[in-house]
Structures are given as structure tokens and as C-alpha cells.
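Colleague:
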């Protein structure tokens, strides 16, 4: 996949200048842009953190909030939106609202977004779960995980609490942010008219998505108006396919961290894709995850300049961590993470979005 490093470098984000200041690159007038991005007195972008979370995850969520508030949001006070398929307890509301000076909102997932649609054969779905569990696939036997993946794939962005937003930043309980974020990523998204931002990319378990790519190709064939031409040099198809679209290479942006345009995620193109996948049944008959769904949609519908790699944001989820490798960021206390443990090495901009096969 010779073009992938070049493509990834084009969406890489940040470097240091001679004064050890963070600047956004590659861009003209970077100094002026940096001043705007770090000006916390400007009116906030219409944006918020969005978290799908259960009451039982309260303390893991408080940890995530503490990291983000300390590293970034204490200067900008972007609101938090919490969503749950069950009502939040008073303890949850009290213990989360005290973690931030920003507004907090609590929403309930509509029942129809967290239940089986009429076209799903639930007995067959149960058998499929048993089969994947027998293969020792992570969450292979989990029913709730499938509802979650379906919800995160196509419904959460439709929640009324997001109606007034231009962008969302997805956060999960128990994640860590290891670097100071001294500019506003939401303003970067707005000023550059970006649609999607990520920090870690890896490969999906093939056994969980055996028919996802074929279903996607069927959608693309029947809905060509939504597909960005793959022959254009700024097409992102090569990020998800090594053979010009014949197969899926399993690469996906890890969607537990994503900053994205609400307008894009609610667009006719994206929602048509989700509906097509949903009606195919793969969320329940297989174990389609929201990360490959989001990523394939980005690669097929958007162009290179729409996507941004937030390389400068140190981030850890489970055993996977992204840590910037600039030594000065460690010595001046910008980051505390260890670069040698980073999942994804930055070498003069020559980076592939996925780092193992």
C-alpha cells in the first residue's frame, strides 16, 4: 500500500517550532492560526463531549473527565453530554456534575435505538452469538455489545441533545489523556472545515465482519452519488483497501476517540449507509463494530483534506496508547507518556494509519 504513508502524513497534525510552541501544520499562516486556536476568550464553537455510559461506570467516567478537564477543558468549558439506555441515578448526576465547571446534560437512549428491529430473527441472532463466543472472539457472545455498536454506528448523533452542535468529541469511561492540549481541537475542526478526526488506528477482528465489505460494495453500487471518486488523488479508499476496493484491509480509526462533524454524521449519505447496513443484519448476525463502520464511511465518502490525525493528543484506551515522540514535549512536561510504548510510530511524517497486520 505504497500511497498510505503519504496519505497519513497529509492528515498528521502537529510539530514544534523553534520556541517550543505547538503549531498546526502543514498550513499557511500557522502562527496566526495558532493564536486563534489557543485564544480561550473567543466564543466557543458549538461543540460538546459526548459519552455513552452506564451508572456502573461512574468512577471510570470521573477519571476520564478529570484527565480532559485538567488537560484541556478547564480553559474552554465545553459542555458534557451523557447518554444511557437506562435512567441516570442521582448519585451519577451529582458525582459527574461536580467534576466540571461546564454545563452537563443527561439523556436517555430511545428504546427503539436499543432493541431489535422487526426484521431481525432473534433466534438466529442468538445462535450467531453462541458461534462467535465458541471461537473466543471478544464480545462474541454479548447481546448488549451489539446494541451498543449499532447505536454508536448510526443513532447517537441523532439524539436531540446534539441538535445545536456542529461537532462532538466522543469520550469513553476509563481513558487517559497524557498530553496538555493547549489549543482548541473543535476550533481547528471548524476553521479547516474538517469532518473527522482520530488519534489511533488499528485492525479489526476479521471474524466479526465477514460480510461487511461485500455489503458496503453493494451499497456503493446502488448509491454512487454518496461515494467520493476513487480515481481522484485525494481519495481515502487506499486507507481501507490494499487492492483498489476489492477487499477490506481491516484498518479502522478507533472510534472511542473521535472528533467529528455532527452535520456529516447526520448527512443523507452517512445515514443511508447506516440504514443499508442495519437492514443487512450484520450488527446482530455477525458483530459489526462502530469503528469499522465509521472508518469505511469516512474512506469512501470523504476526501483527504476532510480528515485529521490528532497526532499531538496523547491517548490511552485499554492496552493501546498513542504517545507523541517529540522529546521536548516530555522534558517541558507537556506529556508524561513513554513514546516507546506508543501504538504507531511517527518517523518524519512517514506513517501508516495501521501499524500491524
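In the UniProt record's numbering, the protein residues as written are 1 to 357. Beta carbons are placed, not taken as given, at the ideal position from N, Cα and C, and that holds for glycine. A quick note: this is a predicted structure, and the numbers were derived from the prediction, not measured.
(1) Residue 173: which of 63, 334, 339 sits nearest, CA to CA?
(2) Would you kindly work out how many angstroms separate the C-alpha atoms of residue 80 and residue 162, rounded to a whole number?
(3) Does residue 310 come out as helix, strand or coil in the three-state DSSP assignment?
(4) Do the CB positions of residue 322 and residue 295 come within less than 7 Å of each other?
(5) With three or more beta-carbon pairs closer than 8 Å as the criterion, would you say the segment 242 to 250 touches the segment 212 to 224?
(6) Below 8 Å, can you find three or more Cβ-Cβ pairs linking the segment 214 to 230 to the segment 164 to 172?
(7) Just grab the DSSP bridge partners of residue 126 for me.
(8) With 16 other CB atoms within 10 Å as the buried threshold, where does residue 27 fall?
(9) Which same chain residues, not among the five before or five after residue 107, have their C-beta less than 8 Å away from its C-beta?
(10) Where DSSP assigns a beta bridge to residue 80, which residues make up the other side?
(11) Given residue 257, which residues of its chain have a CB within under 6 Å of its CB, disregarding the five upstream and five downstream residues?
(12) Count the other CB atoms within 10 Å of the CB of residue 334; is the residue buried (16 or more) or exposed (fewer)?
(13) Roughly how far, in whole angstroms, is the beta-carbon of residue 61 from the beta-carbon of residue 96, given that I think they are within contact range, below 8 Å?
(14) Please classify residue 177 as buried or exposed, where buried requires at least 16 other C-beta atoms within 10 Å of its C-beta.
(15) Please classify residue 148: is it buried, with 16 or more other beta-carbons within 10 angstroms of its beta-carbon, or exposed?
(16) Is residue 308 buried or exposed, if buried means 16 or more other CB atoms sit within 10 Å of its CB?
(17) With respect to the alpha helix (DSSP H) encompassing residue 197, which residues constitute its N-terminal and C-terminal limits?
(18) Near residue 268, which residues of its chain fall below 8 Å by C-beta distance, leaving aside the five closest residues on each side in sequence?
(19) Where does residue 326 sit, in a helix, a strand or coil, going by DSSP?
Modeller: So, from the listed chains and residues:
(1) 63
(2) 11 Å
(3) coil
(4) Judged by their CB atoms, residue 322 and residue 295 are not nearer to each other than the 7 Å cut-off.
(5) yes
(6) no
(7) Residue 126 is not bridged by DSSP to any residue.
(8) With a pLDDT of only 46 at residue 27, under 50, the local geometry of the prediction cannot be trusted, and the value read off the model is given with reservation. Answer is exposed; the Cβ neighbour count stays below 16.
(9) 81, 82, 83, 84, 159, 160, 161
(10) 49, 104
(11) 199, 315
(12) buried
(13) 7 Å
(14) Residue environment analysis places residue 177 among the buried positions, since at least 16 neighbouring C-beta atoms fall within 10 angstroms of its C-beta.
(15) buried
(16) buried
(17) Segment 196 to 198 is the beta strand (DSSP E) holding residue 197; no alpha helix (DSSP H) there.
(18) Cβ contact annotation for residue 268 (same chain, cutoff 8 Å, sequence separation greater than five): 226, in chain order.
(19) coil
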